[in-house]
Structure formats: C-alpha cells, structure tokens
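If you read the protein sequences in the order shown, they are chains A and B.
Residues in the first sequence are numbered consecutively from 3, following the numbering used here.
Residues in the second sequence are numbered consecutively from 3, following the numbering used here.
The beta-carbon is built from N, C-alpha and C at its ideal position, and this holds for glycine as well.
Owing to the predicted nature of the structure, the values given are computational and were not obtained by experimental measurement.
Protein chains: 2
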Amino acid sequence: MRITISQVAKLAGVSKATVSRTLNNSGYVSEETRKRIQEVIKKYGYTPDSKAINLSKKMTSTVELVLPDTVGPFYNEVIRGVEEILSARGYFTLLTILDTKKERNQARNRYISAILERRVDAAIIFDPTVDKRTFSKIAAVGIPIVSLLKDYQNYGVDSVVVDNFSGASSMIDHLVTEHGYKNIAFVTGPKESSDSEDRLIGYKETLKKHGLSFKNSLIFESDFTFDGGKRVYQQLRPVLRDIQAVFCANDEMALAIMEEMKKEGIVPGKDIAVVGFDDVFWSEYIAPPLTTVHQPMYDLGKISAQRIVSRLFDHESKPIKVVLQTHLVIRKSCGCH
Amino acid sequence: MRITISQVAKLAGVSKATVSRTLNNSGYVSEETRKRIQEVIKKYGYTPDSKAINLSKKMTSTVELVLPDTVGPFYNEVIRGVEEILSARGYFTLLTILDTKKERNQARNRYISAILERRVDAAIIFDPTVDKRTFSKIAAVGIPIVSLLKDYQNYGVDSVVVDNFSGASSMIDHLVTEHGYKNIAFVTGPKESSDSEDRLIGYKETLKKHGLSFKNSLIFESDFTFDGGKRVYQQLRPVLRDIQAVFCANDEMALAIMEEMKKEGIVPGKDIAVVGFDDVFWSEYIAPPLTTVHQPMYDLGKISAQRIVSRLFDHESKPIKVVLQTHLVIRKSCGCH
DNA sequence: TAAATATATGTAACCGGTTTCACAGTTTTT
DNA sequence: AAAAACTGTGAAACCGGTTACATATATTTA
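See below:
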C-alpha cells in the first residue's frame with residue numbers, strides 16, 4: 003500500500019534521481035517530466051519517508067527539549083517558547099522529562115542516549131542535577147547544545163540563564179528596606195539545583211549588605227514541589243514566632259506554605275510575609291496574591307530555541323551565555339503586622 | 003571522529019553482521035569475539051546511529067503527542083502522563099503544539115506531515131478543530147492513533163474521552179438543587195470544540211430536566227483562554243443582574259471572569275456564583291476557591307499512552323473508546339447571596 | 001562553425017545499520 | 001558412522017531516500 007520513490011519512478015517512467023529532483027526542486031527537470039511525476043505522486047498519495055531522508059541527509063530536523071519533572075506549572079511557558087520557534091523553522095520537538103526521583107542514571111541516560119544515538123540535531127537541556135563531567139561528554143558529541151538555567155558556558159555549550167542572584171537580592175532589599183524585616187527564613191530547592199543555590203547566595207549576601215547576619219537555622223531545604231512545601235512547613239513552624247518573612251525558592255512551595263499556615267489560623271501577608279520566586283501564572287490570583295520574582299519563562303524557551311536555530315544554520319564559534327533579568331513583582335503576600 | 007559499524011567491524015577483525023549481532027544479542031556470536039568487539043566499542047565510544055536503525059527496522063520508537071495551544075495549565079498533566087508511560091516503554095515523545103489562531107491548515111499540516119512522513123510510529127492527537135475527513139485520512143495511514151478528548155471511534159481510531167455531558171449535568175444539578183439558582187449563564191469555548199459543545203448540551207438538558215428553560219441570550223461564546231474570559235465579561239455584564247450563576251466551560255475563563263468582577267466590586271461566590279470545568283492545579287487556591295468539574299488529566303494522558311503502547315505491541319482489532327468520569331468539586335465560588 | 005555552456009536524465013554509489021542466506025566446523029542424535 | 005542439529009561467521013541484499021558523475025542533446029558564445 004505504501005509506495006516508495008522507486009515505484010513512483012517506475013510509474014512515471016523515469017529514474018529515482020529525477021523523482022528526487024522533482025521532490026526537492028533541485029537540479030534540472032523538464033516541465034513535462036515534472037508534471038508527469040507529480041501526477042503519479044498525487045494519484046498514489048506518495049509521501050517520502052523521513053527515515054530514509056534522515057539517513058541520507060544525516061540529520062533529523064528534530065531538537066530535544068529536556069525538562070525536569072519538578073518544574074510544574076513553570077515549564078508550560080518554556081515549552082511554548084521553544085516549540086513556537088522550532089516549528090516555525092521546520093524543526094520538531096522531542097520532549098524528554100527527567101524523572102528526578104528515580105535512580106538518576108536511568109533517567110539521565112534516556113535523554114543522553116537520544117543525543118548519542120543522533121536521534122536529534124540539537125538539544126536544549128535543563129537538568130538541575132547533571133554534573134560538569136556529564137555535560138562535557140554531551141558537548142563532545144558536537145551537536146548544538148543549549149544549557150537552560152545552568153551556566154555551562156565554560157564546558158563548551160551555550161547557556162541561557164536567569165540572574166537568580168540579583169532576583170533574590172532585590173527581594174531581600176524590598177523586604178528589608180520597605181518592610182523593615184530583620185529575620186527572614188529561606189526555603190531552598192534541592193541542593194543540586196544551582197538556581198536554588200544562587201538564590202540562596204543572593205539571600206545571604208544581601209542580608210549581609212544590610213548589616214543583618216543570616217542564621218543557618220533559618221535555612222530550610224525542600225524540593226521545589228507543593229508537597230515538599232507542605233513537608234518543610236513542619237520544620238518551619240518552631241521558628242515562626244521569631245521571623246517576619248519566609249522567602250521560598252519558588253512559588254509552588256510558597257503557596258503550599260501559605261496554605262498550611264491558613265489551616266492553623268495564621269494569615270500570610272498579615273501575620274507573616276511569604277514570598278516566592280518564578281511568578282507563575284497563578285501567583286497573581288491566589289490568596290493573598292503572591293509577591294515574587296518574575297522569571298521570563300517564555301523568553302527563556304524562545305531565546306534558547308533561537309540560539310539552537312542559529313547554531314544549526316550558521317556555524318558560529320565560541321559558546322555564548324545569555325543572562326535574562328528578573329524583576330520583582332510586589333503583591334500582597336509580603337505585608338505583615 | 004564519529005565511528006560507524008563498519009569501522010568497528012574492521013577494528014575488531016570481523017564483519018558488520020557480527021557486530022550487529024553482538025549489539026542486538028541476536029544470532030550466534032562466540033564469547034571471544036563478543037568480548038573483542040565490545041572492547042573496540044568501549045575504546046572508541048561507538049554508539050549506533052538511530053537514523054540507520056530506524057530505516058532498516060522501519061520504525062522510529064517515537065510517538066507524537068499533539069496538543070492545542072489553548073489548553074494552558076491543563077496540558078501539563080497530560081504530557082506528564084503520556085511521557086511517563088512512553089519513556090518507560092522505550093519510546094520518545096514528539097510534541098507538537100497546534101497554533102489554533104494561525105491559518106489552520108498551516109498548523110494542521112505540521113503534525114499531520116509527521117505522520118505522513120512516518121516520522122513517528124503512533125500518535126496521540128487532541129485537535130479540537132480537526133474534521134472527520136481529515137481524521138479518517140490520518141487513520142488511513144495505518145499507524146496506531148488515539149484521539150484524545152474527541153470521540154472518533156467511528157472513524158477507525160481509539161478514543162479516550164471524558165464524560166463532559168454528565169460533568170456539566172452534575173454541576174447544574176448542584177447549582178439548581180442545592181442553591182436554587184434559576185438563571186444560569188454559560189460561557190463556551192470555541193464552537194469547534196466538541197468538549198465545549200458537550201458541556202453546553204449537558205447544561206441545556208439538565209436545565210430542562212429541572213423544568214427550567216434555557217435562554218440563548220445567556221449563552222456566551224469565548225475561546226478557553228484567560229484573555230477570552232476577560233473579553234466575554236464585557237458581554238456578560240448587562241445580564242449580570244438577571245442571573246445567579248455563571249458556568250464557564252473551563253477554569254481559566256472562570257478565573258478571568260471572577261477577576262473582572264472583583265475589579266468592579268462584585269464579589270464572586272457571594273454576589274454571584276462562578277463555576278468552572280477542569281479543576282486545574284490552582285483552582286483550589288484562588289479567591290474564592292473555584293467550584294468546578296474535575297477532569298482526570300493525568301489519567302487521560304496515561305491511558306492514551308497505554309492504549310498506544312498496547313496497539314504497538316499486540317495487534318488488536320476494533321477501535322476502542324474509553325470514557326473517563328468526571329466529578330464535581332464543590333468549593334466556595336458557587337455560593338451567592 | 002567549433003567550443004563552451006545550459007538543460008535533462010540515468011547509473012550507481014552512498015548513508016549506517018539489519019537480516020537472509022550460504023557455508024563450515026562441532027556436537028548431538030539415531 | 002552417517003545424518004541432523006547446533007554454533008559461528010561473512011557476503012550481500014535491503015531499508016528508501018540523496019547525490020556525484022557520466023552522458024546526451026540543445027543553446028549560446030566566440
């Protein structure tokens with residue numbers, strides 16, 4: 003039932019090469035022959051098989067997008083940004099979601115094997131837990147790679163990141179100077195996450211800048227998930243009376259913590275400030291509306307895809323780093339007293 | 003730099019065939035030879051090229067997932083469900099996002115061409131605007147297809163849908179019998195969306211069941227987006243004093259409408275009821291918490307992927323339809339007066 | 001008008017694997 | 001001891017396209 007180029011050639015009384023030329027508008031084909039071939043193509047509903055094209059052209063027109071399973075509502079926008087650019091340029095998006103809970107090698111291997119097997123022409127990778135050695139290995143394959151949200155410029159790949167330090171810093175500035183808070187807890191993501199780490203550093207440094215010492219006892223580790231936020235609240239509870247604000251490394255944990263507070267009759271944004279990081283879609287609409295640091299998620303995806311595309315088209319040289327700026331979004335949840 | 007199977011064969015002093023057998027654990031290869039080959043493979047870091055494998059095996063180990071750009075927070079869970087199952091079975095996910103705004107053919111062709119070109123072994127398709135003819139064409143290609151959220155069982159493909167009628171119906175039951183509302187507006191999605199259509203029918207029929215006539219003047223068309231919700235609010239405003247509730251065909255529009263109301267000092271859940279459909283992640287946490295109809299989004303993705311996988315493995319016969327049940331989630335936004 | 005160039009097409013090699021088949025040496029069965 | 005079955009390997013065809021090269025005719029150009 004499915005017809006091949008050879009059959010089309012035979013039916014049109016020409017050679018495979020001529021059919022191929024017609025298909026690709028390359029080389030010379032007379033009007034007459036072209037028409038004859040196209041009639042056969044239409045009549046039999048012929049479509050070239052991408053698997054054969056891929057092999058002979060040594061490319062797949064596919065770009066891999068790797069995202070961790072923890073990003074939650076966050077990755078929506080990233081995907082949209084990436085897909086929009088790639089599809090406009092004729093590329094397909096192979097989406098791989100990292101299972102960060104499972105044995106890491108397992109999960110890691112899956113997306114890496116897609117690269118090693120040359121299943122994709124390029125990749126946009128956001129793997130919070132990947133180490134440098136692995137990354138250089140990936141980079142060594144020689145296809146264009148963009149590291150999303152992790153700076154691996156020095157390991158030979160383009161990096162598109164966000165200025166987490168200054169994001170966190172501006173939040174602390176606000177909490178300290180506008181509200182006069184002196185004791186601010188911080189809830190981190192998983193320790194491997196460099197985003198979380200950079201935000202933590204921003205938090206520490208900026209406290210210092212304001213002459214406030216930070217205490218390790220006010221730093222709580224969690225995992226960027228809603229459930230993680232709920233769990234960490236239990237550890238947070240004992241210190242609640244000693245602090246004026248809780249700064250969470252993302253919005254989901256902030257939401258979870260606010261919900262837990264409400265259950266106990268504590269009113270976030272009134273009794274205590276709770277702020278987040280990301281500014282996901284719903285941050286504005288929850289109760290109280292969340293003060294947070296906006297990350298340009300759609301742009302993150304879009305710019306990554308654009309970098310991939312330009313790598314794919316022109317052969318550029320050095321790895322590039324793009325740093326996108328965040329900005330503070332002040333809503334209600336940062337008030338207290 | 004990149005090494006091929008022929009080179010491995012030469013380096014190990016054997017033929018391509020023997021290397022291939024070693025790689026696939028097929029046929030006979032002596033322990034000795036196998037070891038020698040594996041040493042060469044390790045030494046030179048050889049990985050078979052998937053493009054060649056795909057061609058000779060006539061398969062791609064890839065499943066396409068098609069989603070419209072309107073689904074917003076909704077598709078998160080679907081993707082997760084699909085990806086989880088597929089990756090566990092060794093398949094990759096090619097994600098295509100429909101641009102429902104653009105000339106529809108454009109967008110449509112992209113995901114269809116992936117199928118026609120045999121870039122994927124199967125596809126899970128949620129295309130709200132696709133017509134039956136196009137769908138039978140896709141089905142005719144002969145690869146396993148699952149139609150997500152649209153019943154195309156009669157057109158030869160498996161369908162995984164949700165019982166929109168009874169979802170809407172239970173919502174109306176609740177609004178009428180528990181709250182005694184008599185005038186309920188309905189905000190639809192785009193007219194091509196069969197989900198929206200089915201919910202509308204549920205709304206109409208159930209009103210009738212309760213002896214309430216429905217009025218066309220209380221049906222408003224929108225497009226499932228937040229902005230669309232804001233826009234439709236303008237049309238809704240004149241009738242606000244005549245109704246007790248607004249039933250939106252999804253949560254995003256319900257949220258938008260509530261936000262618009264608040265701007266004007268109208269308190270949703272108090273002055274008027276606003277309810278939605280979907281029960282996305284944030285529905286529970288907005289103000290007021292949204293009464294809505296829960297759709298099992300993760301399961302939708304998971305079950306679709308499972309059907310694809312079983313089609314791919316065993317050769318089954320007739321197209322199957324799976325209907326997932328919804329359930330009512332009562333929160334605060336349905337109160338009024 | 002001969003040489004150079006443009007047009008049109010076919011042959012065959014190639015992309016990098018898998019798989020069928022043939023063949024030879026071993027081992028097992030009868 | 002001959003036949004059958006098992007083990008190990010290579011040659012070559014094949015998957016379905018693309019493309020370099022050869023060839024032939026038609027047009028230009030000098």
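To the nearest angstrom, report how far apart residue i and residue j are at their CA atoms.
{"i": "R82 (chain B)", "j": "Y300 (chain A)", "result": "19 Å"}
{"i": "F188 (chain B)", "j": "H176 (chain B)", "result": "15 Å"}
{"i": "A170 (chain A)", "j": "I245 (chain A)", "result": "18 Å"}
{"i": "P291 (chain B)", "j": "F76 (chain A)", "result": "21 Å"}
{"i": "E86 (chain B)", "j": "K304 (chain B)", "result": "8 Å"}
{"i": "S89 (chain B)", "j": "T95 (chain B)", "result": "8 Å"}
{"i": "Y48 (chain B)", "j": "D129 (chain A)", "result": "24 Å"}
{"i": "Y183 (chain A)", "j": "L220 (chain A)", "result": "14 Å"}
{"i": "K232 (chain B)", "j": "A258 (chain B)", "result": "5 Å"}
{"i": "I39 (chain A)", "j": "R4 (chain A)", "result": "17 Å"}
{"i": "Y113 (chain B)", "j": "I55 (chain A)", "result": "18 Å"}
{"i": "T64 (chain A)", "j": "A251 (chain B)", "result": "35 Å"}
{"i": "I145 (chain A)", "j": "T20 (chain B)", "result": "29 Å"}
{"i": "F283 (chain A)", "j": "D253 (chain B)", "result": "13 Å"}
{"i": "V248 (chain A)", "j": "K217 (chain A)", "result": "13 Å"}
{"i": "Q237 (chain A)", "j": "Q297 (chain A)", "result": "28 Å"}
{"i": "N26 (chain B)", "j": "S115 (chain A)", "result": "16 Å"}
{"i": "V311 (chain A)", "j": "V148 (chain A)", "result": "11 Å"}
{"i": "T190 (chain B)", "j": "R243 (chain B)", "result": "20 Å"}
{"i": "L100 (chain A)", "j": "G15 (chain A)", "result": "51 Å"}
{"i": "I140 (chain B)", "j": "D281 (chain B)", "result": "31 Å"}
{"i": "K193 (chain A)", "j": "V132 (chain A)", "result": "12 Å"}
{"i": "D165 (chain B)", "j": "V84 (chain A)", "result": "33 Å"}
Closer than 8 Å, CB to CB, is residue i near chain B or not?
{"i": "S17 (chain A)", "result": "no"}
{"i": "T62 (chain A)", "result": "yes"}
{"i": "L57 (chain A)", "result": "yes"}
Find the residues of chain B that neighbour residue i, judging by a C-beta separation of less than 9 Å, and give them in chain order.
{"i": "Y287 (chain A)", "result": "L257, M260, E261, W284, Y287, I288, A289"}
{"i": "L97 (chain A)", "result": "L67, I81, E85, F94, T95, L96, L97"}
{"i": "S89 (chain A)", "result": "T98, I99, D101, A109, R112"}
Does the CB of residue i have a neighbour CB from chain A at under 8 Å?
{"i": "P75 (chain B)", "result": "yes"}
{"i": "T49 (chain B)", "result": "yes"}
{"i": "S52 (chain B)", "result": "yes"}
For a contact meaning CB atoms closer than 8 Å, what does residue i contact in chain A?
{"i": "A141 (chain B)", "result": "Neighbours of A141 (chain B) on chain A: none; closest Cβ ~14 Å, over 8 Å."}
Give me the chain B residues within the contact set of residue i, using Cβ-Cβ distance strictly less than 8 Å, ordered along the chain.
{"i": "N78 (chain A)", "result": "G74, P75, Y77, N78"}
Per DSSP, what are the beta-bridge partners of residue i in this structure?
{"i": "I288 (chain B)", "result": "A:I288"}
{"i": "T49 (chain B)", "result": "In DSSP, T49 (chain B) forms no bridge with anything."}
{"i": "H296 (chain A)", "result": "A:D280, A:H329"}
{"i": "V189 (chain B)", "result": "B:F222, B:C250"}
{"i": "K323 (chain B)", "result": "B:S161"}
{"i": "L214 (chain A)", "result": "DSSP lists no partner for L214 (chain A)."}
{"i": "E66 (chain A)", "result": "A:L96, A:A125"}
{"i": "L150 (chain A)", "result": "A:V162"}
{"i": "I5 (chain B)", "result": "In the DSSP output, where bridge partners are listed per residue, I5 (chain B) has none listed."}
{"i": "I274 (chain A)", "result": "A:P270"}
Inset, instruction - Identify each residue in the region 112 to 130 of chain B for which the Cβ-Cβ distance to at least one residue of chain A is less than 7 Å, and report them in chain order. - result: R112, A116, L118, E119, R120, R121
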